[in-house]
Amino acid sequence: MPRMPKKRKLELSFFLNERGRVTYNDLCRKCQRTCKQSFRAVIVDCPYYLSKRSKRKVKEDTD
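Numbering (my numbering), first residue to last: 189 to 251.
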């Protein structure tokens, strides 16, 4: 694996694991979108992710 330049390493320091590799959150790992979050993030807030356990919003009819 080629070495990373110092500037690029500083930009990605939040995403680098102990081995120096870029690592994303488990929910973002297989996502195709570019809004990837770091594995260090505690709370993941993704508008594209819907958990099966989340409460769905019910649309109310206003007749």
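Ideal placement from N, C-alpha and C gives every residue a C-beta, glycine not left out. Values in this document were obtained by computation on a predicted structure and should not be read as measured data.
{"Check": "Can you list, in chain order, the residues of its chain with a C-beta nearer than 8 Å to that of Leu-204? Leave out the 5 residues immediately preceding and following it.", "Outcome": "Lys-197, Val-210, Thr-211"}
{"Check": "I need the boundaries of the alpha helix (DSSP H) containing Arg-196, first residue and last residue.", "Outcome": "194-199"}
{"Check": "Please report how far the alpha carbon of Arg-217 lies from the alpha carbon of Arg-191, in whole angstroms.", "Outcome": "23 Å"}
{"Check": "Could you check the C-alpha separation between Phe-202 and Arg-241 for me, to the nearest Å?", "Outcome": "29 Å"}
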